[in-house]
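If you read the protein sequences in the order shown, they are chains G and L. Take any residue in the first sequence, count from 1 to its spot, add 513: that is its number in our numbering. Take any residue in the second sequence, count from 1 to its spot, add 427: that is its number in our numbering. Take a look at the structure set out below.
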Amino acid sequence: MGLLAPWFLAGIAAVGLPIWLHLLKRSKTDPKQFPSLMFFEYRETSSVKHRKLEHLLLLALRALMLFLLALLFANPFIRRSGAAADGKRLMVVAVDKSFSMRTGTTVSNRLSQAKDEAQKILSGLKPGDSAQVLALAGNVQALTQTVNDPAELRAAVNSIQPGDSRASFGELARYARTLSEAQKIPIELHLVSDLQKSAMPPGFADLRLNPGTTLVLHSIGNAEKNWTLENVVAPRRIYDPKRVKLQAMVTGYGTPAAKRTVTLKLNGRDLQTKTVDIPENGRAQVEFLGLEATYGFSKGEVRIDSADNLAADDHYNFSVERLDPRKVLFVDDGRHPRAELYFRSALDSSGDGGFQMESMRPENAAGAAFTNYAYVVLNDLSSVPQNLESSLQHYVNGGGAVLVTLGPSAAALPRVPVLDEAIEKSSYAGREGERFLSIVDIDTGHPALRSVERFNGVKFFQAIHVSATKSRVLAKLNDQTPLVLERTIGEGKVLAFASTFDNVSNDLPLHASWVPFIAQTALYLGGGGAEQPVNVPVDSYVELRASDSKGAAAEVQDPDGKRALSLDEAIKAKNYAVNREGYYEVKTASGRSSLLAVHADRRESDLSVIPKETLDLWRGTGTNDPVPGTPGAASGVDAPQKPYSLWFYILLLLLGIAVAESIVANGFLRPAAPARDDTKQNDLKLDQTLSKVS
Amino acid sequence: MQQRFLDPSVLSGISNLTLVAQTVVDGFISGLHRSPDFGFSQEFAEYRMYNPGDDLRHVDWNVYARTERMYLKRYRGETNCQVTILLDASRSMKYTSHKIDKLEYARYLTASIAYMAGLQRDAAGLIVFDDEVRQFVPPSTRQGQLARLLHAVEKAEVGTRTDYARPFAHLREFLHRRGLIVCISDFWEKPEDVIKTIAPLRFHGNEVVLFHVLDPMEIRPKFDDPVLMEDLETGATLEVSPDYAAKEYPAKIDAHLEEMRSKSKGNGLDYFLIDTSRPLDAALREYLAARGGRK
């Protein structure tokens, strides 16, 4: 709050209060007795003369008290140059260790040059100056505290290892702002970096530096041509190796048109090699068909012969898992043959054929080993045996998934099996008015409903109205009947579809959205869908457990094969950040294992440099000087003008005046002192008189 | 003449009125006894030859025994002078701006006059009044009269408003002999009303003396700020500005006093303004001197 805080300053108007009170007091004097008012007359006297202020000292003290009180709330401050007066400064050396700093030869790359430059900067450190060394990548890592020991600072610079993250200058500016506010002394920020354009934040405002922070840029390297594998699209699971299609995108930044050789490798073995023509400064796609992977997880890699200085981005990791098709248990009482037919057809038609349907009667299903199935479908059952439901609940708690469809048979049930929500009624499309119901509200961001085109054109004639007290509604009909509900139970999940799959209660199986719906649902419930990708960039987070449940341990092995989690983290951590390129073996708390392929952020491959004008603007944000070097530019480090609050002194003054006011007021309010006691003197006079009389 | 003025505040320290009167009167009598004009009215003046028809009671038989001639004794005043003191005890008399209020001052004055009358063996009486006659001690020369008078003076308490008509009507009821009437009041009435009420007494051959007792603040009030004034007798209030009190009021009160003085003189009344801040004996001495001079 500054001095001109208007509302608090408005409180100064209260100074008029004591003046008014003093005037009021005067006009309400107690009557003074007089023998007769014969010769007195009422006269209208001027208010100025009449309302003469009395006790001016008391009035002044009271007015001053109120003024100071208002001022205290306004919290005035003065701008004072903090510790600049004593000439102290803080040198901060930030060394960029992002992925692009690997550019160069094995003998000398940009990072080693940056470290040398940082050492030179530190050698200029004056005695008494303190400094701090930072490593900049996706976030800012402080390698030292603010120290003035050159040896410690040099050791910190030497310890910087190349990273695989993308540099973020926005993070560096944010750190500098925080540091400036905490230290309150001028900061000299040295950034040793290749000043990649991709390190800029989306908005220039994020680069803002506080006044008093001087940015000194040390550019390492220049813009270079660079070819890179921008992306590889590979399936996560392979069920039929011959049906696998793998796409790789080769991109050139600042490159001439050239031919490049692209090699597909699996577990270190070259599988296929192709040559691709890459246009000047453009990109080209390479497609590989078939991927002969062995059962289990495989470490895949696509590699190009780039012949550029950044060899680290010439390969792209991916991971695949070879599996037999997973079985889906379709529990039906035999009264819905068409539903079974439609479901099986949709499942067989979808994607890579990763799922096979197996049908079973409810009474038999109770004894089935559900863990052998990707997920279980309960298709419009009129009754669910108790042991079946309890087995399914146990299965879901342990990480399994169930899809429940509700139709005329299920309408008789009091509650939806497993989902445990009350069935209220059947919703029918009336013969009058609307002839059918349609979807009005759908969560298209949900993995199961992502490609269903909002069920456009699908007519629903009957749906079961379920109260959604514990579940999340993913889609609703136009009469507000929840159509798709989801509930997470333990480590698993249950999806309910409040209509049937048999083309009777709706015509969904005849629409284009049917197959995607079944396929997406299968991927979502059966695993391997989009719920957790296995090919991720550096600095991504891997989900280790779905809920806060403890006990079941998660496991992460880093690219070196070492356990990345401590025992405590293994049972508590909900996610894990992957910060290196390579393959991570992850086992989540629900028991699902995966091989995670982590690759560097490909934006780092664009080695173009930030324009000089932009860098000048950035430098200008810290010194209140738009462009250093222009006439009038401040030389050296500006002393930061820090607001220095005066509230404490005002409070002290206010207390002092309050005490003075009490003393003065006490003097005024004290009853008039009795007249000087003349008794003794009078007695003396009387004695003299009496003696003369006698 | 020995100057020995008594501060009223000193007199207020003496609880006994007799002592107050003694202190006041004896002092200045001892200083003034050689004055040929001294005395109220009972002092011997001359002898004259008896003429037939004169009252034989006034014949000095001692002279006749020695000289066989009949002479009549002549006095300056009436023989057996009757002194009646009218003491105003209205509420306005309670006002004071210093240590002693007007009523207290008037008490001392009454006591002093009564004491002087006693010394001269005159019959002294007292009427204490406000709007009614509150106390009445008939004039008498009996022994203990002074004590009765002083007791009545001591008992005099402030009453309500002043009304001169009633006490003077009462006085006329029992006043069959001529004498001296002393009225002690602050006379907060119109002078013409006061004189109109009192003057008839003069027509019966009485000598009337008016002691106008006022507090100095009543003559020259001083306020620094506007004040709300309350009339002690009526309770009416009025806001008064210092300007008025400093400029217009003095003119009005001066005119009032002058009117009192002139109207009194015009009607053959003795009028004396007494400021309660002045020494009582000095005021009394001034009165007696002036009175003597007039005679």
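A virtual CB, placed ideally from N, CA and C, is assigned to each residue, including glycine.
Give the secondary structure of residue i by DSSP, where H, G and I count as helix, E and B as strand, and everything else as coil.
| i | result |
| --- | --- |
| L:W615 | coil |
| L:L459 | Low per-residue confidence applies at L:L459: pLDDT is 40, beneath 50, and the placement is therefore not dependable, though the value from the model is reported in the following sentence. Helix, per DSSP. |
| L:M520 | helix |
| L:D651 | coil |
| G:E1068 | strand |
| L:A533 | helix |
| G:N622 | strand |
| G:D629 | helix |
| G:V528 | helix |
| L:Q547 | coil |
| G:H568 | coil |
| G:Q1033 | helix |
| L:Y675 | For the sequence presented, residue 675 of chain L should be read as Glu rather than Tyr. Residue state, collapsed to three classes: helix. |
| G:A806 | coil |
| G:L962 | helix |
| L:G695 | coil |
| G:P1022 | helix |
| G:H731 | strand |
| G:D1119 | coil |
| G:F856 | helix |
Out of the options, which has the shortest C-alpha to C-alpha gap to residue i?
| i | options | result |
| --- | --- | --- |
| G:E934 | G:H907, G:A981, G:T918 | G:A981 |
| G:K787 | G:N780, G:L1023, G:V799, G:Q1033 | G:V799 |
| L:Q570 | L:A544, L:S612, L:Y491, L:G695 | L:A544 |
| G:M578 | G:N1179, G:S1175, G:H1024, G:F1181 | G:S1175 |
| G:L784 | G:S811, G:V528, G:A1171 | G:S811 |
| G:S863 | G:I1031, G:V660, G:V917, G:V833 | G:I1031 |
| G:L582 | G:Y1162, G:V1177, G:G1180 | G:Y1162 |
| G:V971 | G:H1024, G:L987, G:H959 | G:H1024 |
| G:A1009 | G:K1125, G:G1003, G:T994, G:D1020 | G:T994 |
| G:I977 | G:D1129, G:G1003, G:W1027, G:L926 | G:L926 |
| G:E694 | G:Y752, G:R1076, G:L603 | G:L603 |
| L:R605 | L:P566, L:T494, L:D558 | L:P566 |
| L:F563 | L:G693, L:R548, L:F601 | L:F601 |
| G:F883 | G:S896, G:L842, G:S1026, G:V1047 | G:L842 |
| L:S704 | L:G586, L:Y532, L:E584, L:Q547 | L:Y532 |
| L:R548 | L:L530, L:R561, L:L573 | L:L573 |
| L:E616 | G:P548, G:L1120, G:K938 | G:P548 |
| G:F580 | G:I591, G:G529, G:K545 | G:G529 |
| L:P648 | L:K674, L:G662, L:F630 | L:K674 |
| G:S1106 | G:V833, G:N822, G:N622 | G:V833 |
Going by the beta-carbon positions, is the gap between residue i and residue j smaller than 8 Å?
| i | j | result |
| --- | --- | --- |
| G:P724 | G:G1135 | yes |
| G:D956 | G:A923 | no |
| G:K710 | G:V1122 | yes |
| G:S681 | G:P715 | no |
| G:E743 | G:T727 | no |
| G:L987 | G:E999 | yes |
| G:Y752 | G:G867 | yes |
| G:D1015 | G:R851 | yes |
| G:L464 | L:L665 | Because chain G here runs from 514 to 1207, residue 464 of chain G falls outside it and cannot be looked at. |
| L:L514 | L:A538 | no |
| L:I625 | L:V636 | no |
| L:L499 | L:Y477 | yes |
| G:V1055 | G:Y1089 | yes |
Tell me, please, which residues DSSP counts as bridged to residue i.
| i | result |
| --- | --- |
| G:N794 | Paired residues: none, contrary to the question. |
| G:F586 | For G:F586, which the question treats as bridged, DSSP gives no partner whatsoever. |
| G:G1095 | G:V1111 |
| L:R705 | Per DSSP, none; premise fails for L:R705. |
| G:V660 | G:A644 |
| G:W1208 | With chain G running from 514 to 1207 in the structure shown, residue 1208 of chain G is simply not present. |
| G:S811 | G:V833 |
Within the chosen definition, does the segment 522-533 of chain L reach the segment 688-700 of chain L through at least 3 CB pairs nearer than 8 Å? Under the 8 Å Cβ criterion, the segment 522-533 of chain L does not count as touching the segment 688-700 of chain L, having fewer than three qualifying pairs.
Tell me, please, whether the segment 605-616 of chain G touches the segment 675-690 of chain G by the rule of three or more beta-carbon pairs shorter than 8 Å. Touching, per the Cβ criterion.
Touch check for the segment 585-600 of chain L and the segment 634-649 of chain L: three-plus C-beta pairs under 8 Å? Short answer: they don't touch.
Evaluate contact between the segment 1099-1107 of chain G and the segment 1067-1085 of chain G, counting only Cβ atoms and requiring at least three cross-stretch pairs below 8 Å. Yes, they touch.
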